[in-house]
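Everything below concerns the one structure shown next.
In the UniProt record's numbering, the protein residues as written are 1 to 367.
Encoded structure:
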């Protein structure tokens, strides 16, 4: 008698321990899924930021190319202007030398004429042609020197204009060089930011990979616990055979299916079940008959009921606000097992998952 009582106490403790283990494991999975969702959201934001920065870099590259083209054009123009300045300077020097030479010649002729006048003062009346020729010669020299001075003035004016233009071009070139340098600085800064974002994305992807492995490890532990609580056929059971034995099931809730099996959620995490939309407080019914193996809260899914349909097939009902069945209770097809609450997103969606051989499968084929 005492041995029987001890066994019953042990069995009860085992039941509570099992329930706590499953609950704890599922909480861990929910926490991991939330972390994965946060990191996937950040990765999406990083991709958007990268795209925007890359567009800015492309625009900067175009501006730098345009500024470089303008700078090269101005450099060519400065070369031409420099040639003109050199040519004008040379002409100015030649003209100056010629002017000085003509002036010296003129002065020498004037001195020679003065000496001639002193020695031949009385002869000039008899030699009018000599006087006329000398006068013509002097006038010719004066005209030549006048032209040289005019040319010198023109050359000097042109030179001043060229110098002013050259200063203007140099100023523009300096401005363009500053713009190009600023563009280079911005591009380096943005390239550094992209490298930083890539590094951050890589870290998040690494974290997601680790979290996914952790999730898979915990899921395997849950499967082991469920396996210990359910009757698993030793014979290999095909899914078609199981469906045939279980028979046609019913939708646990009347309403449209808003999330399908395998649909991507939280970025890179696909749904293991379906979600049916209805009014909060709607009655949730058992899709088919079976034995309740879990009835408790589950982080991220509200209150959850798991029913063993037999033939290695289990139904999971989530987002319940109230439970109408308990562990080890046998339920029949269409029996109310819970009341619909809301999902973690605040929507009145029933989460229904079907597992065959402990793996999620599409439940649509059973309705």
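Heads up, the beta-carbon is just placed ideally off N, CA and C, and yes, glycines get one too. Remember, it's a predicted structure, so these values are computed and weren't measured experimentally.
Straight-line gap, residue i to residue j (C-alpha atoms, nearest Å)
i	j	result
residue 163	residue 150	20 Å
residue 318	residue 251	14 Å
residue 263	residue 287	22 Å
residue 302	residue 247	29 Å
residue 54	residue 178	22 Å
residue 293	residue 280	25 Å
residue 157	residue 167	15 Å
residue 343	residue 209	26 Å
residue 199	residue 41	16 Å
residue 363	residue 276	12 Å
residue 272	residue 194	35 Å
residue 76	residue 174	15 Å
Where residue i falls, given that 16 or more other Cβ within 10 Å makes a residue buried
i	result
residue 12	Legend: pLDDT at residue 12 = 49, less than 50; position of this residue unreliable, no value from coordinates given.
residue 348	buried
residue 14	At residue 14 the pLDDT is 44, less than 50, meaning the model places this residue with poor confidence; the figure from the coordinates comes in the next sentence. When all chains shown are included, residue 14 counts as exposed.
residue 254	exposed
residue 124	The pLDDT assigned to residue 124 is 49, lower than 50, so where the model puts this residue is not dependable; a value taken from the coordinates is nonetheless given after this. Per the 10 Å Cβ criterion, exposed.
residue 313	buried
residue 47	exposed
residue 304	buried
residue 367	exposed
residue 306	buried
residue 410	Nothing about residue 410 can be read from this structure; the chain reaches only from 1 to 367.
Run of the beta strand (DSSP E) containing residue i, from where it starts to where it stops
i	result
residue 257	257-259
residue 359	359-361
Endpoints, alpha helix (DSSP H) assigned at residue i
i	result
residue 386	What is shown of the chain runs 1 to 367, which leaves residue 386 out entirely.
Proximity test, Cβ basis, 8 Å: residue i and chain B
i	result
residue 263	Among the protein chains of the structure shown there is no chain B, as only one such chain exists.
key: Sequence ranges, beta strand (DSSP E) only - wholly within the region 278-356, length at least 3   = 283-285, 290-297, 303-310, 313-323, 336-340 and 349-356, all fully within the region 278-356.
message = Tell me whether the region 328-341 and the region 352-360 touch, counting them as touching only if at least three CB pairs, one residue from each stretch, are closer than 8 Å.
response = Counting C-beta pairs with one atom in each stretch, the region 328-341 and the region 352-360 have fewer than three that are closer than 8 Å, which means they do not touch.
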